[in-house]
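Residue numbers (this note's numbering): 249 to 603.
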């Protein structure tokens, strides 16, 4: 675990040391950080729950079996181009990491442009502790897809639908589930009020705690039969206290109700309402995942926006900003450290040079 903590601290320092010239602020050490970030991800070995599954898929990519026929074209042809040997699979991991991180870098770069050093630091901090950087370790194809989702926020704000659609379609070459995000381009203009977010989270919580959701899932398993039931059934070792989810619910309630106390105009904007909606849907999926693991993966398309929303929320405070940032950072740190400790394949860290 220590290597992850050292890695995060090192990159925070490299990405946050400014250099001033002619009234302009530069971050000359950022390039070193980019190399470290790509290397840590691209040269990993055996890290993540999907790593060896994808190794098996890669080595069998030339066989016309039913699973390979369902692979998205982007991933399929990328794998076909590489030699079917150890170095070829290592190259696949590096290339997919390069695509994912380059897309995330663009999204972060667009977000921190013209931001204060304080907000810049918060965005970079939550890029790591919200698990955004580490999520692709457990979802190689989907990592590319949800990085495209985060980058698409630039075009959502600018109302450039064609660019948004092209980006989503590129993401769908690696994971088709990203297509479900297309309607949210139009949601931004609707400017959904925070009350509806509260209702969404409340309904999710009631469905799970009342047992209605579990009964519904079990009924679907019986109706769908054995062929499709495997998509809805939890693995035998699935489960936990759900502490992390409850922490997010507490954080959601704090953010929702504090708006009635802190009268800040930023909290009334379309941008704030959209990001809060993404945050809320992400939490709803987390709640549903307490009953069924299948809802973990779709949550990623929304939880990635935590990296933008939480710093935005913190910057809405004129007073007690430091205290608020410390409290929320502790929430995310607890969740992050718990995710490292759980059986998600991130520990111990290994790479292809030292394994």
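Glycine included, every Cβ here is placed at the ideal spot set by N, Cα and C.
Every value quoted in this text rests on a predicted model; they were computed, and no experiment measured them.
Given that a residue counts as buried once 16 or more other Cβ atoms are within 10 Å of its Cβ, and exposed if not, what is residue i?
i	result
residue 335	exposed
residue 484	In this predicted model, residue 484 has a pLDDT of only 37, less than 50, meaning its place in the structure is not dependable; the value taken from the coordinates is given anyway. Label assigned to residue 484: exposed.
residue 386	buried
residue 493	buried
residue 578	exposed
residue 429	buried
residue 535	buried
residue 583	buried
residue 559	buried
residue 348	buried
residue 532	buried
residue 482	A caution first: residue 482 carries a pLDDT of 48, below 50, which makes its placement in the model unreliable, though a value can still be read off. Residue 482 comes out exposed.
residue 574	exposed
residue 340	buried
Hey, could you find the ends of the alpha helix (DSSP H) residue i is sitting in?
i	result
residue 526	518-536
residue 507	Taken as a continuous stretch (DSSP letters only), residue 507 belongs to no alpha helix (DSSP H), as it is neither H nor E.
residue 351	334-360
residue 299	299-307
residue 590	Unbroken run through residue 590: none, as it is neither H nor E.
residue 390	388-406
residue 455	442-458
residue 370	365-377
residue 435	432-438
residue 259	250-264
Rounded to whole angstroms, what's the CA-CA distance from residue i to residue j? Just pull it up for me.
i	j	result
residue 394	residue 510	32 Å
residue 500	residue 327	41 Å
residue 498	residue 259	29 Å
residue 571	residue 360	22 Å
residue 433	residue 523	12 Å
residue 589	residue 367	29 Å
residue 519	residue 402	11 Å
residue 274	residue 268	6 Å
residue 352	residue 457	35 Å
residue 595	residue 291	15 Å
residue 576	residue 465	33 Å
residue 279	residue 370	19 Å
residue 551	residue 330	32 Å
residue 521	residue 454	23 Å
residue 406	residue 435	14 Å
residue 421	residue 408	21 Å
residue 357	residue 404	16 Å
residue 363	residue 452	35 Å
Under 6 Å Cβ to Cβ from residue i, same chain only, skipping five residues before and after it: list those, please.
i	result
residue 319	none
residue 586	492
residue 487	Residue placement at residue 487 is poorly supported in this model, since its pLDDT is 47, which falls under 50; the coordinates are not used for a value here.
residue 296	385, 386 and 593
residue 380	552 and 555
residue 251	597
Going by beta carbon distance, what residues of the same chain come within less than 7 Å of residue i, once the five residues before and after it are set aside?
i	result
residue 293	598, 599, 600 and 603
residue 479	Note that residue 479 has pLDDT 48, beneath the 50 cutoff, so the model's placement of it is unreliable and the number below is only indicative. Closer than 7 Å at the Cβ level, and outside the excluded window around residue 479, lie 542.
residue 354	399
residue 343	326
residue 544	537
Would residue i and residue j be called neighbours here (beta carbons separated by less than 8 Å)?
i	j	result
residue 425	residue 345	no
residue 266	residue 365	yes
residue 309	residue 324	yes
residue 332	residue 311	no
residue 556	residue 504	no
residue 529	residue 438	no
residue 554	residue 412	no
residue 286	residue 372	no
residue 396	residue 418	yes
residue 548	residue 383	yes
residue 227	residue 564	In the structure as shown, the chain starts at 249 and stops at 603, and residue 227 therefore has no counterpart that could be examined.
residue 442	residue 507	yes
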